[in-house]
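Engineer:
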Amino acid sequence: MCWTEYISAIGIPIIAAIAAWIAFRQSQIARNKLKLDLFDKRMEVYSAVREALGCITRQGNLTQEQQLQYLQGTRTARWVFGIEVAHYLDEALWHKIVDLELHNTMSKEPSGPERTKHIQKRAEVFKWLVQQYKDFDALVAEYLELRH
Numbered sequence: 065m066c067w068t069e070y071i072s073a074i075g076i077p078i079i080a081a082i083a084a085w086i087a088f089r090q091s092q093i094a095r096n097k098l099k100l101d102l103f104d105k106r107m108e109v110y111s112a113v114r115e116a117l118g119c120i121t122r123q124g125n126l127t128q129e130q131q132l133q134y135l136q137g138t139r140t141a142r143w144v145f146g147i148e149v150a151h152y153l154d155e156a157l158w159h160k161i162v163d164l165e166l167h168n169t170m171s172k173e174p175s176g177p178e179r180t181k182h183i184q185k186r187a188e189v190f191k192w193l194v195q196q197y198k199d200f201d202a203l204v205a206e207y208l209e210l211r212h
């Protein structure tokens, strides 16, 4: 056997190994791209929630436009975070936002026991909503960590 036959016999496995390594690296790149895309989608939902909480903290309520922005910003939560986070956003947080709106409106009524009740309830709901900065962060922290 001549040396060209040896090189030819060794060359094919080397080329196959290089091709396998390239394919492996491409799969890693694709997986990391998917992680980044998912992170971006999750961050959009996270930002919509934080923006709504910020407006509530600054203004004491959300305008109709801000409520719409919240609903639009969180509509994909089920698909990018899962059912637990979606339930929290759709049921717990959204219902408190609506309650705050009700109590804000009813606390403008003339003096009386009903107005006093709504002022107290508004304060409770407002405190709960401010606490959601920490609670929401804790709920979604595992989803927003970039790990390799």
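Residue numbers for the sequence shown follow the working numbering, beginning at 65 and rising by one.
Ideal placement from N, C-alpha and C gives every residue a C-beta, glycine not left out.
(1) Nearest to M107 by alpha carbon, out of I161, F145, W192, A156?
(2) If you compare alpha carbons, which of I71, D104, F88, W85 is closest to Y207?
(3) Measuring alpha carbon to alpha carbon, tell me which of E148, L102, Y70, G118 ends up nearest Y197.
(4) Leaving out five residues before and five after H167 in sequence, what residues of the same chain have Cβ atoms less than 8 Å from its Cβ?
(5) By DSSP, does G75 sit in helix, in strand, or in coil?
(6) Are V204 and T121 close, meaning C-beta to C-beta below 8 Å?
(7) Do the segment 153 to 168 and the segment 126 to 135 meet, that is, are 3 or more Cβ pairs less than 8 Å apart?
(8) Inspect the beta-carbon positions of T138 and V113 and report whether they are closer than 8 Å.
(9) State the Cα-Cα distance for the pair L100 and F88, rounded to the nearest angstrom.
(10) Can you say whether A81 is buried or exposed, counting buried as having 16 or more other CB atoms within 10 angstroms of its CB?
Structural biologist: On the basis of the supplied data:
(1) The residue with the shortest Cα to Cα distance from M107 is F145.
(2) The residue from I71, D104, F88, W85 with its alpha-carbon nearest to that of Y207 is D104.
(3) Closest option to Y197, Cα to Cα, is G118.
(4) Within the same chain, H167 has close Cβ partners H182, I183, K185, R186, V189.
(5) When DSSP states are grouped into helix, strand and coil, G75 belongs to the helix group.
(6) Cβ distance not < 8 Å, so V204 and T121 don't count as in contact.
(7) Because the criterion of three Cβ pairs below 8 Å is met, the segment 153 to 168 and the segment 126 to 135 touch.
(8) A distance below 8 Å separates the beta carbons of T138 and V113.
(9) Taking the CA atoms as reference points, L100 sits about 19 Å from F88.
(10) A81 should be labelled exposed.
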